[in-house]
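Participant: Submitted below is the structure of interest, expressed as structure tokens.
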Amino acid sequence: MTTAQVQGAAPPTTAAGGPTTGPAKPRRRGHLHRTNGIAYLMLAPMIILLLIFVIIPFFQAAYLSFFDFSFYLPSTFVGLQNYANVLADSQFVTSLWRGVLFAVMVVPAGLVLAFIFASVVRGMGRRLASIVKTSVYVPTIISGVIASIVFTLIYDYSGGVLNWGLALILDPIRAMLGMDAFEPIAWLAEPSLALPALAIPAIWIGFGVTALIMLAGMLDIPESYYESAALEGANWWQQMVFITIPMLKNVLIYLLIAGCTASIQQLELPLIMTQGGPLDSTMMPNLYIFLHFTQDDRQGQPLAAALMLFLVLGAISAIIFRLINSEKSQEG
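Here is the structure:
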């Protein structure tokens, strides 16, 4: 066979009649690098904001917590003395326990109410569900300051709506029993009632977001699970215990951690409604830090208290993760 014949020969074909192809070329990395570059560029604004407003201030506060720091006076290095002073302050330690107690009042009640609400809305029609979801979200967009003022008026001793409503309901009953008329209750002036009184608006403010997140988790559960359970004879309670709650495990963990950290860090309600009183019965950790930071001549101690609160919140989150193992829910 001559060279011309070899050069003029047609390329080999496959059984289907098409030309064969050579070995696949390795994919170039340029496209991957370009995609990564676009991703980094899109993340850059968030990373810059995180550095400016979170990471740098955090390390600056940690550094200053080792000094007898003041905005107007020379600072001196004191080592761990600020932390020792905070731990020796019974008011701060008590405020931490009070914050945990406040979270116990707020978080379980909020989760149960949100679960009931989400279960009811899940069975509604689309149009009615949209109206209900919009209305339940309203408390979330209301300023915490405004909510504090509204509930202060509700709890007012002489002209509050709560005492008025209780008197309207209880006075006829007490009259029938030969008892004296209902005596108004000083909800925000009684040490034993002030903290539970703050828990009610805290539940009301956080209910909207908690309920919508819970509802989104429920809608993400495949309907086929409930259909199979119904065919097996499972009732509503069994479906909730063995399907809904296990499938909402990760959502519940998130809401539990977010609710606990938010409740312990509550500032607006005790600041505006009670100023930490009566008798420090509503002195929460953030209120303690705020008052000392704004009223003390030296700010090193409140900075140390803030960092210790950060460690406490991290420990609580770790304990929750430890007690409730988070697993990725798998379908099928």
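If you want the working numbering, it's the position in the sequence shown, counting the first as 1, plus 6.
Glycine is no exception: its CB is placed at the ideal position from the N, C-alpha and C atoms.
The model shown is predicted, which means the values in this text are computed figures rather than measured ones.
#1: Label I263 either buried or exposed according to how many other C-beta atoms from any shown protein chain fall within 10 Å of its C-beta, with 16 as the threshold for buried.
#2: Looking at the secondary structure, which residues open and close the alpha helix (DSSP H) in which L100 lies?
#3: Mind reading off the beta-carbon distance from A208 to T280? Whole number of angstroms is fine, and I expect it under 8 angstroms.
#4: Assuming Q245 and F108 make a contact with CB atoms under 8 angstroms, what is their CB distance in whole Å?
#5: Report the option in V126, L194 and Q305 whose CA atom is closest to the CA atom of D162.
#6: So, with DSSP's three-state summary, where would you put A264?
#7: I think A67 touches A312, with their Cβ atoms under 8 angstroms apart; what is that distance to the nearest whole Å?
#8: Just reading off the alpha helix (DSSP H) that I219 is part of, what are its end residues?
#9: Does the count of Cβ pairs from the region 285-294 and the region 120-137 closer than 8 angstroms reach three?
#10: If V84 and D74 are in contact, beta carbons under 8 angstroms, what's the gap, nearest whole angstrom?
#11: Please confirm if A268 has its CB atom under 8 angstroms from at least one CB of chain B.
#12: Just confirm the distance between the C-beta atoms of L204 and P145, as a whole number of angstroms; I'd bet it's less than 8 angstroms.
#13: Give a yes or no on contact between the region 100-119 and the region 211-222, applying the rule of three or more CB pairs nearer than 8 angstroms.
#14: Secondary structure at F59, three-state DSSP: helix, strand or coil?
#15: So S101 and Y294 are supposed to be a Cβ contact under 8 angstroms. How far apart are they, rounded?
#16: Buried or exposed, going by whether 16 or more other CB atoms sit within 10 Å of the CB of L174?
#17: Have a look at E196 and I326 and give me their C-alpha separation to the nearest angstrom.
#18: At the level of alpha carbons, what is the spacing between A187 and A181?
#19: Would you tell me roughly how many angstroms separate the C-alpha atoms of Y89 and L317, rounded to the nearest one?
#20: Looking at the secondary structure, which residues open and close the alpha helix (DSSP H) in which Y231 lies?
#21: Taking the DSSP output, what are the residues bridged to D74?
#22: Should P308 go down as buried or exposed, given a rule of 16 or more other Cβ atoms within 10 Å for buried?
#23: Does M185 come out as helix, strand or coil in the three-state DSSP assignment?
#24: Consult DSSP for W242 and reduce its assignment to one of helix, strand or coil.
#25: Please go through the same chain and pick out, in chain order, the residues whose beta-carbon is closer than 6 angstroms to the beta-carbon of V112, but skip the five residues on each side of it.
#26: Closest by CA to S323, which one among L47, D303 and L258?
#27: Does the distance from the CB of M314 to the CB of V106 come in under 8 angstroms?
#28: Please state whether DSSP places G283 in a helix, a strand or coil.
#29: Going by beta-carbon coordinates alone, are Q301 and F77 separated by less than 8 angstroms?
#30: Less than 8 angstroms separating the beta-carbons of I278 and S154?
#31: Keeping to the same chain, check which residues put their C-beta closer than 6 angstroms to that of M4; ignore five residues upstream and five downstream.
#32: In chain order, which continuous runs of the alpha helix (DSSP H) of length 4 or greater are located wholly inside the region 134-198?
#33: What did DSSP end up calling Q11 once you bin it into helix, strand or coil?
#34: Compute the distance between the beta-carbons of V151 and E274, then report whether it is under 8 angstroms.
#35: Here's a check: name, in chain order, each residue in its chain whose Cβ is nearer than 8 angstroms to the Cβ of L158, leaving out the five neighbours to either side.
#36: Exposed or buried, N241, counting other C-beta atoms within 10 Å across all chains shown (16 or more means buried)?
Facilitator: The short version:
#1: buried
#2: In the sequence as presented, Leu is not what sits at residue 100; that position holds Thr. S96 to R128 is the span of the alpha helix (DSSP H), which, as asked, contains T100.
#3: Incorrect: roughly 13 angstroms between the Cβ atoms, too far for contact.
#4: With 8 angstroms as the limit, Q245 and F108 do not qualify as a contact, their Cβ atoms being about 34 angstroms apart.
#5: Closest option to D162, Cα to Cα, is L194.
#6: helix
#7: 7 angstroms
#8: P197 to L225
#9: no
#10: 5 angstroms between Cβ atoms; contact.
#11: Here there is only one protein chain, and chain B is not present.
#12: Beta-carbon to beta-carbon, L204 and P145 are separated by about 15 angstroms, too far to satisfy the 8 angstroms threshold.
#13: With a cut-off of 8 angstroms, the region 211-222 and the region 100-119 count as touching, because enough Cβ pairs lie within range.
#14: helix
#15: 5 angstroms
#16: Looking at its Cβ environment, which holds fewer than 16 other Cβ atoms inside 10 Å, L174 is exposed.
#17: 33 angstroms
#18: 7 angstroms
#19: 12 angstroms
#20: E229 to L237
#21: T82
#22: buried
#23: coil
#24: The answer is helix: DSSP assigns W242 an H, G or I state.
#25: Result list for V112: A205, A208, I209 and S269, in chain order.
#26: L258
#27: No.
#28: coil
#29: No, the Cβ-Cβ distance between Q301 and F77 is not below 8 angstroms.
#30: In this structure, I278 sits near S154, with a CB-CB distance shorter than 8 angstroms.
#31: The requested residue 4 is not part of the displayed model; the chain covers only 7 to 338.
#32: 144-147, 150-160 and 167-182
#33: Interpretation of Q11 is limited by its pLDDT of 47, a score under 50 that renders its predicted location unreliable; the figure taken from the coordinates is listed afterwards. Q11: helix per DSSP, three-state reduction.
#34: yes
#35: Note that residue 158 is Thr in the sequence shown here, rather than Leu. Excluding positions up to five away in sequence, the list reads L194, I278 and M279.
#36: exposed
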